[in-house]
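What follows is a set of notes on a single structure, which appears directly below.
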Amino acid sequence: MSNFLLELALPRTDAGVYVQTIVMGVFWALLLLAVVVLRVRREYRTFAVGLAVINFAWFAARTVH
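In this note's numbering, the protein residues as written are 17 to 81.
In structure tokens, the structure reads:
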């Protein structure tokens, strides 16, 4: 089980990275769309956008490595 979680968090192959990026892209797009459509408070929108930016910055940093 721990190897599966490690592979999910830090994929070793390019295909794993592409799948992870696509899945997270869809997840963040839906979450941000829900936050905007439901008109939640500005602080929550900022928090959701910040989490998405941090997540994709992590992906970008791994790309450079």
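Don't be surprised by glycine CBs; every beta carbon is placed ideally from N, CA and C.
Open item on the list: For Q36, tell me which candidate among R61, L48, L21 has the shortest Cα-Cα distance.
Closed with: The option with the nearest alpha carbon to Q36 is L21.
Task: F63 versus W74, T79, V51, F72, residue with shortest Cα-Cα distance - done: V51
- [ ] Following the continuous alpha helix (DSSP H) through L67, name the residue where it begins and the one where it ends.
- [x] Taken as a continuous stretch (DSSP letters only), the alpha helix (DSSP H) holding L67 covers 58-80.
Task: Terminal residues of the alpha helix (DSSP H) in which L48 lies - done: 30-53
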